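In our numbering, the protein residues as written are 1 to 308. This report concerns only the one structure given below.
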Ligand SMILES: Nc1ncnc2c1ncn2[C@@H]1O[C@H](COP(=O)(O)OP(=O)(O)OP(=O)(O)O)[C@@H](O)[C@H]1O
Ligand SMILES: [Mg+2]
């Protein structure tokens with residue numbers, strides 16, 4: 001049985017078909033990338049898996065268990081963690097506290113423990129802090145852990161978000177454009193980090209516009225175009241697929257090569273289907289399900305008929 005299975009997923013917002021029949025699966029500790037031009041439906045697919053959006057039809061299962069209908073916090077509790085295309089750190093909190101917030105999901109403490117400051121509470125708080133330090137070390141955070149997360153440079157905030165996701169001890173990590181806005185050196189470090197996460201036994205679904213990174217790290221690549229899946233295969237096959245080249249590389253085969261930090265795949269001319277030019281970083285999209293952490297059940301924020 002696959003870890004994650006997405007079958008014939010459809011998602012509509014009123015008249016707009018955001019996802020039109022997406023099927024793919026992810027095995028334990030596998031890295032699968034989902035690529036496609038701006039507006040292809042990639043983030044929406046993540047939002048369906050994590051419970052932010054309710055699919056119009058289709059199935060999503062984690063180890064055979066149906067996910068649609070469960071709250072985002074319940075899905076997180078089943079071992080699915082994510083990062084966001086727009087960073088979602090609590091900017092006023094310290095870096096350490098942001099990551100501590102990740103581990104609270106599996107800590108065993110009650111409200112009473114917290115109120116009475118029982119030994120159990122103190123022990124679990126200590127463990128939570130130790131875990132946060134561990135994951136910040138793991139992602140290689142260089143900045144001040146005790147300072148405000150909002151003060152960290154962009155690349156460091158991306159790392160912190162990954163540390164927070166890892167603190168949840170997920171079996172499946174969904175990364176939405178982790179390399180967006182990073183410089184060449186930081187991208188190489190991100191590639192290394194993704195591999196190290198996989199080595200922990202964590203499966204990863206990666207949305208990314210940097211083709212060098214995608215081709216280097218993925219075992220399989222799923223390609224979306226206007227909500228439709230047009231390819232699913234090994235990177236070396238997908239990059240040669242005429243439908244993929246035609247769909248969003250504008251017939252330029254050379255564009256699928258290159259090292260990390262090279263080519264991106266933001267559509268033929270960098271303009272998405274909704275006509276907005278973007279590079280993945282610093283977007284302001286209500287479509288991702290509101291602000292704040294993913295445990296808060298933002299079912300109401302997206303509009304459209306996806307939440308029926
Ligand atoms: N909550 C929403 N309400 C209405 N339309 C939405 C909503 N969320 C997404 N969409 C639309 O669905 C389509 C797919 O959007 P999505 O954000 O999933 O694309 P994407 O592949 O992640 O693009 P990008 O590479 O730019 O991040 C777009 O046309 C988008 O405008
Ligand atoms: Mg997106």
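Don't be surprised by glycine CBs; every beta carbon is placed ideally from N, CA and C. Keep in mind the model is a prediction, meaning the values are calculated, not measured.
- Contact under 8 angstroms by Cβ, residue 99 with residue 76: Within the chain shown, the letter at position 99 stands for residue 99. Within the chain shown, the letter at position 76 stands for residue 76. Not a contact, by the Cβ cut-off of 8 angstroms.
- Neighbourhood of residue 155 by C-beta, 7 angstroms cutoff - its chain only, sequence neighbours within 5 removed: By one-based count along the chain shown, residue 155 stands at place 155. Correct list, in chain order: 182 and 186.
- Query: Just the residues with CB closer than 7 angstroms to a heavy atom of ligand 2, in chain order, which are they?
  - Reply: 42, 43, 85, 176, 177 and 207
- Query: Using 8 angstroms as the threshold, is the stretch 133 to 148 in touch with the stretch 58 to 70, meaning 3 or more CB pairs across them?
  - Reply: no
- State buried or exposed for residue 137, treating a residue as buried only when at least 16 other CB atoms are found within 10 Å of its CB. Here residue 137 corresponds to residue number 137 of the chain shown, with the count starting at 1. Exposed is the call here.
- Query: Looking only at its own chain, which residues have a Cβ that is under 7 angstroms from the Cβ of residue 244, when we skip the five neighbours before and after it?
  - Reply: Indexing the chain shown from 1 puts residue 244 at position 244. Cβ neighbours of residue 244 beyond the five flanking positions: 223, 230, 231 and 238.
- Taking 8 angstroms as the cut-off, decide whether the C-beta atoms of residue 31 and residue 204 are in contact. For the purposes of this step, residue 31 is identified with residue 31 of the chain shown, where counting begins at 1. For the purposes of this step, residue 204 is identified with residue 204 of the chain shown, where counting begins at 1. Cβ atoms of residue 31 and residue 204: closer than 8 angstroms.
- Does the stretch 207 to 219 come close enough to the stretch 1 to 12 to have 3 or more Cβ pairs within less than 8 angstroms? no
- Query: Tell me, which residues are paired with residue 10 by DSSP?
  - Reply: The sequence position of residue 10 within the chain shown is 10, counting from 1. Partner(s): 20 and 57.
- Message: Since residue 171 and residue 84 should fall inside the 8 angstroms C-beta cutoff, what is the C-beta to C-beta distance between them, to a whole number of angstroms?
- Response: For the purposes of this step, residue 171 is taken as residue 171 along the chain shown, with counting starting at 1. For the purposes of this step, residue 84 is taken as residue 84 along the chain shown, with counting starting at 1. Wrong, their Cβ atoms sit about 19 angstroms apart, outside the cutoff.
- Given that a residue counts as buried once 16 or more other Cβ atoms are within 10 Å of its Cβ, and exposed if not, what is residue 38? Position 38 of the chain shown holds residue 38. Looking at its Cβ environment, which holds 16 or more other Cβ atoms inside 10 Å, residue 38 is buried.
- Query: Closest to residue 234 by CA distance: which of 191, 35 and 201 is it?
  - Reply: Within the chain shown, numbered from 1, the residue matching residue 234 stands at position 234. Looking at the Cα atoms, 35 is the closest of the given residues.
- Query: How big is the Cα-Cα spacing for residue 122 and residue 101?
  - Reply: Position 122 of the chain shown, counted from the start, is the residue given in the question as residue 122. Position 101 of the chain shown, counted from the start, is the residue given in the question as residue 101. The straight-line gap from Cα to Cα measures roughly 16 angstroms.
- Under three-state DSSP, which class holds residue 159? The residue you call residue 159 lines up with position 159 of the chain shown. If DSSP states are grouped into helix, strand and coil, residue 159 belongs with the helices.
- Task: Buried or exposed for residue 256, please, with buried defined as at least 16 other CB atoms from any protein chain shown within 10 angstroms of its CB.
- Result: Locating residue 256 in the chain shown gives position 256, counting from the first residue. Low local confidence applies: a pLDDT of 43 at residue 256 is under 50, so the model's placement there is unreliable, with the coordinate-based value given in what follows. Per the 10 Å Cβ criterion, buried.
- Around the Cβ of residue 57, are there at least 16 other Cβ atoms within 10 angstroms (buried) or fewer (exposed)? On the chain shown, residue 57 is found 57 positions in, with the first residue counted as 1. By the neighbour-count rule (16 or more Cβ atoms within 10 Å), residue 57 is not buried but exposed.
- Cβ of residue 22 versus every heavy atom of ligand 1: is any distance shorter than 7 angstroms? Working through the chain shown from its first residue, we reach residue 22 at position 22. No, the beta carbon of residue 22 sits no closer than 7 angstroms to any heavy atom of ligand 1.
- Looking at residue 6 and residue 60, is the spacing between their C-beta atoms short of 8 angstroms? Counted from its first residue, the chain shown places residue 60 at position 60. Counted from its first residue, the chain shown places residue 6 at position 6. Going by C-beta atoms, residue 60 is nearer than 8 angstroms to residue 6.
- Contact belief for residue 29 with residue 202 at Cβ below 8 angstroms, rounded distance in angstroms: To locate residue 29, count along the chain shown from 1; it is residue 29. To locate residue 202, count along the chain shown from 1; it is residue 202. The C-beta distance from residue 29 to residue 202 rounds to 7 angstroms, short enough to meet the 8 angstroms contact threshold.
- Query: Is the Cβ-Cβ distance between residue 208 and residue 178 less than 8 angstroms?
  - Reply: On the chain shown, position 208 is the one that residue 208 refers to. On the chain shown, position 178 is the one that residue 178 refers to. Going by C-beta atoms, residue 208 is nearer than 8 angstroms to residue 178.
- Task: Let me know the secondary structure DSSP gives residue 81 once reduced to three states.
- Result: The residue given as residue 81 occupies position 81 in the chain shown. Residue 81: strand per DSSP, three-state reduction.
- Could you spell out where the alpha helix (DSSP H) holding residue 96 opens and where it closes? Mapped onto the chain shown, residue 96 falls at position 96. Looking at the DSSP string, the run of the alpha helix (DSSP H) that includes residue 96 is 95 to 103.
- Exposed or buried, what is residue 153 when buried is set at 16 or more other beta-carbons lying within 10 Å of its beta-carbon? Here the question's residue 153 lines up with position 153 in the chain shown. When all chains shown are included, residue 153 counts as exposed.
- Message: Going by DSSP, what residue range makes up the alpha helix (DSSP H) through residue 44?
- Response: Translated into positions along the chain shown, residue 44 becomes position 44. First-last of the alpha helix (DSSP H) with residue 44: 42 to 49.
- Task: Output the boundary residues of the beta strand (DSSP E) element that contains residue 33.
- Result: Translated into positions along the chain shown, residue 33 becomes position 33. Judged by DSSP secondary structure, residue 33 falls within the beta strand (DSSP E) whose first and last residues are 31 to 35.
- Query: At a cut-off of 7 angstroms, is residue 96 close to ligand 1 when judged by its beta-carbon and the heavy atoms of the ligand?
  - Reply: If you number the chain shown from 1, residue 96 lands on position 96. Remark: the shortest separation between the CB of residue 96 and any heavy atom of ligand 1 does not fall under 7 angstroms.
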